[in-house]
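The structure appears right after this line, and notes come after that.
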Amino acid sequence: MSTSRKTKADSTAELRKTVVAALEELKAKDVREIDVRGKTSIADLLVIASGTSARHVKSIADEVVKFAKKAGVMPLGVEGEQEAEWVLVDLGDVIVHVMLPRIREFYGLERLWTVGDREPDAGAASAG
Numbered sequence: 017m018s019t020s021r022k023t024k025a026d027s028t029a030e031l032r033k034t035v036v037a038a039l040e041e042l043k044a045k046d047v048r049e050i051d052v053r054g055k056t057s058i059a060d061l062l063v064i065a066s067g068t069s070a071r072h073v074k075s076i077a078d079e080v081v082k083f084a085k086k087a088g089v090m091p092l093g094v095e096g097e098q099e100a101e102w103v104l105v106d107l108g109d110v111i112v113h114v115m116l117p118r119i120r121e122f123y124g125l126e127r128l129w130t131v132g133d134r135e136p137d138a139g140a141a142s143a144g
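Residues in the sequence shown are numbered consecutively from 17, following our numbering.
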């Protein structure tokens, strides 16, 4: 048996590290990771981060692409670079959203993807 075989989870974990390193490199703000396995088939992980200006958002997204390519992962797509208020970098198992804070607050992706993730409180659990 070969030890060089990588599982999908290993590949996703390595890609996650690459993305986080790129975000840290350009000082992305308020980085949040959301595990979406079992909620959607489009990806395993969403990474959401903020930039301080449109130029910063674009630079962060460009850095994510650069780091991913160095790691041997070609982006499936990059959307929103023109306006750079919200840039999406699709890396397959990991999707990165880099946004201006006001755009991030307006769309509330964290709320959308984490609905129902909280443990029910004890009262609600015993009532059912």
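Don't be surprised by glycine CBs; every beta carbon is placed ideally from N, CA and C.
I need the straight-line Cα distance from residue i to residue j, nearest angstrom please.
i      : j      : result
Glu41  : Gly54  : 31 Å
Ser66  : Val110 : 17 Å
Glu97  : Val103 : 6 Å
Ile64  : Leu39  : 10 Å
Lys74  : Glu95  : 11 Å
Val114 : Ser57  : 21 Å
Ser18  : Glu99  : Below a pLDDT of 50, predicted positions are generally treated as unreliable, and Ser18, at 43, falls in that range; no measurement from the model is reported.
Ala127 : Thr68  : Checking the sequence shown, residue 127 turns out to be Arg, not Ala. Near 21 Å, if we compare the C-alpha coordinates of Thr68 and Arg127.
Beta-carbon separation of residue i and residue j under 8 Å?
i      : j      : result
Glu101 : Leu116 : yes
Thr28  : Leu61  : yes
Ala70  : Val105 : no
Trp129 : Val52  : yes
Skipping 5 residues on each side, what residues in its chain have a beta carbon closer than 7 Å to that of residue i?
i      : result
Gly144 : With a pLDDT of 44 at Gly144, under the threshold of 50, the modelled position of this residue cannot be trusted; read the value that follows with caution. Nothing listed; no residue qualifies.
Pro91  : Val81, Ala84, Val105, Asp106 and Leu107
Might you give, ordered along the chain, the residues of its own chain that have their beta carbon closer than 6 Å to the beta carbon of residue i, omitting 5 neighbours on each side?
i     : result
Val36 : none
For residue i, which residues in the same chain have their Cβ closer than 8 Å to its Cβ, ignoring the five residues on either side in sequence?
i     : result
Val89 : Leu31, Thr34, Leu107 and Gly108
So with Cβ pairs under 8 Å, would you call residue i a contact of chain B?
i      : result
Thr130 : Protein chains in the displayed structure number just one, and chain B is not present.
Which residue or residues does DSSP assign as beta-bridge partners of residue i?
i     : result
Ala37 : Ala37 is not bridged to any residue.
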